[in-house]
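Novice:
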Amino acid sequence: MADKFAVMGNPIAHSLSPLIHQRFAKQTDRSLIYEKLCIDETAFESAVANFFTGGGKGLNITLPFKQKAFSMAKIRSTRCIQAKAANTLWMKDQRLCADNTDGIGLLRDLANLMDLRGKKVLILGAGGAARGIIGPLLNSEISSLILTNRTFTKAQALQDEFKNLHCCEFQQLNESFDLIINATSTGIAGQSLNLPLSLLKANSYCYDLSYQAQGLTPFVQWAKNHGCQASDGLGMLVEQAAEAFFIWHGVMPDAQAVLSELRQSADLNN
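The opening position of the sequence shown corresponds to residue 1 in full-length UniProt numbering, with each subsequent residue numbered one higher.
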């Protein structure tokens with residue numbers, strides 16, 4: 001019988017995770033079942049327990065449950081502890097294990113797009129998406145990392161947790177950046193934040209952690225409208241999935257092959 005995996009979240013209908021993991025399974029000659037499970041916010045803990053009790057092998061966790069998943073786990077990776085959020089769960093010796101593959105997924109995708117060394121980086125947003133990428137970015141060779149958020153107290157709370165992270169009130173941003181990362185949950189920072197053009201320089205790169213099935217995200221569209229290179233978060237999604245696949249199966253799939261296939265498909269071709 002094929003091993004059972006799933007992604008849990010709410011909403012979850014849009015998730016490409018089942019498709020991605022099935023492609024990885026085909027690459028590596030494995031047979032698996034991978035489902036999408038939309039879970040009520042009050043039923044997450046019981047849903048996780050029931051999944052593994054029923055023979056499930058691994059779970060991916062997406063919004064809004066990553067911090068709950070972290071709290072449930074008995075064994076946590078270093079990067080999971082750093083983020084205080086988990087997106088990958090499995091059982092070992094009857095104990096729930098957790099990891100966070102978001103940060104490594106972002107760094108691997110960015111490595112295909114630009115050289116991070118010495119770059120000034122700005123993160124827009126202070127929610128769960130930002131939490132998973134701050135630590136890995138700080139551990140890369142960037143020159144500085146600044147975070148801004150409409151609710152400044154949330155940005156300050158993250159600054160208190162992460163050494164070398166600096167926060168700035170949105171209205172006081174007065175410099176340009178090499179890389180601007182949209183980590184807002186809405187994925188519409190280009191519209192809702194009314195971003196000042198002073199953030200951009202001639203060779204700025206804009207990266208949206210969000211992606212959408214058709215066309216460009218508003219943040220990517222905003223960046224391209226002003227002459228910047230930009231990418232959505234589809235590459236990060238595939239790369240973080242590849243790391244989760246490696247954790248579960250012990251073999252690293254070819255993420256770039258799957259990403260190329262998704263980019264070339266009619267509905268996701270930007």
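Note that beta-carbon positions come from the ideal geometry of N, C-alpha and C, so glycine has one too. Here the structure is a predicted model, which is why all the values come from computation and not from measurement.
How far does the beta strand (DSSP E) with N182 in it reach, from first residue to last?
Specialist: L179 to N182
Novice: Starting from L53, trace the alpha helix (DSSP H) both ways and give me its first and last residue.
Specialist: First, the residue type needs correcting, since residue 53 is Thr and not Leu in the sequence shown. F44 to T53 is the extent of the alpha helix (DSSP H) around T53.
Novice: Less than 8 Å separating the beta-carbons of residue 291 and T88?
Specialist: With the chain covering only 1 through 270, there is no way to say anything about residue 291.
Novice: Would you say E239 and R23 are within 8 Å of each other, going by their C-beta atoms?
Specialist: The answer is no: Cβ separation not under 8 Å.
Novice: Using the C-alpha atoms, what's the distance from L209 back to F246?
Specialist: 22 Å
Novice: Just reading off the alpha helix (DSSP H) that L78 is part of, what are its end residues?
Specialist: Sequence inspection shows Thr at residue 78; the Leu mentioned does not correspond to that position. Following the DSSP letters along the chain, one finds T78 inside the alpha helix (DSSP H) bounded by residues T78 to A83.
Novice: Is the CB-CB distance between L199 and I180 below 8 Å?
Specialist: Inclusion of L199 and I180 in the CB contact set at 8 Å is warranted, their separation being smaller than that value.
Novice: Provide the residue span of the beta strand (DSSP E) that contains T148, from first to last.
Specialist: From DSSP, the beta strand (DSSP E) with T148 extends over S144 to T148.
Novice: By DSSP's criteria, A114 is part of a beta bridge. Which residues make up the other side?
Specialist: Note that residue 114 corresponds to Met in the displayed sequence, not to Ala. Checking the DSSP bridge columns, you'll see M114 has no partner listed.
Novice: Which of the three DSSP states is assigned to V7 in this structure?
Specialist: strand
Novice: Roughly how many angstroms lie between the CA atoms of I12 and F162, to the nearest whole one?
Specialist: 30 Å
Novice: Kindly indicate which residue of F219, R76 and A257 has the alpha-carbon position closest to the one of K84.
Specialist: R76
Novice: Measure the Cβ-Cβ separation of A126 and A86 and say whether it is below 8 Å.
Specialist: no
Novice: Quick check: the Cα distance between G118 and H21, rounded to an integer number of angstroms?
Specialist: Rounded to whole angstroms, G118 to H21 spans 34 Å at the Cα level.
Novice: Under a three-way DSSP split, which group does N203 fall into?
Specialist: Taken through DSSP and simplified to helix, strand or coil, N203 comes out as coil.
Novice: Cα separation between T28 and A111?
Specialist: 24 Å
Novice: Answer with buried or exposed for G128, where buried requires no fewer than 16 other C-beta atoms within 10 angstroms of its C-beta.
Specialist: buried
Novice: Answer yes or no: do S204 and C228 have a C-beta to C-beta separation smaller than 8 Å?
Specialist: yes
Novice: What is the rounded straight-line gap between the Cα of D115 and the Cα of N50?
Specialist: 44 Å
Novice: Put V121 into one of helix, strand or coil per three-state DSSP.
Specialist: strand
Novice: Can the beta-carbon of F52 be found less than 8 Å from the beta-carbon of M8?
Specialist: Cβ atoms of F52 and M8: not closer than 8 Å.
Novice: Between which two residues does the alpha helix (DSSP H) carrying G56 extend?
Specialist: It is not in any alpha helix (DSSP H) - G56 carries neither H nor E in the DSSP assignment.
Novice: When you compare the CB positions of G135 and W90, do they come within less than 8 Å of one another, or not?
Specialist: no
Novice: Could you name the residues of the same chain whose beta carbon sits closer than 7 Å to that of D254, not counting the 5 residues immediately before and after it, in chain order?
Specialist: These residues qualify, in order along the chain: Q27.
Novice: Check whether the Cβ atoms of L16 and L237 lie closer than 8 Å to each other.
Specialist: yes
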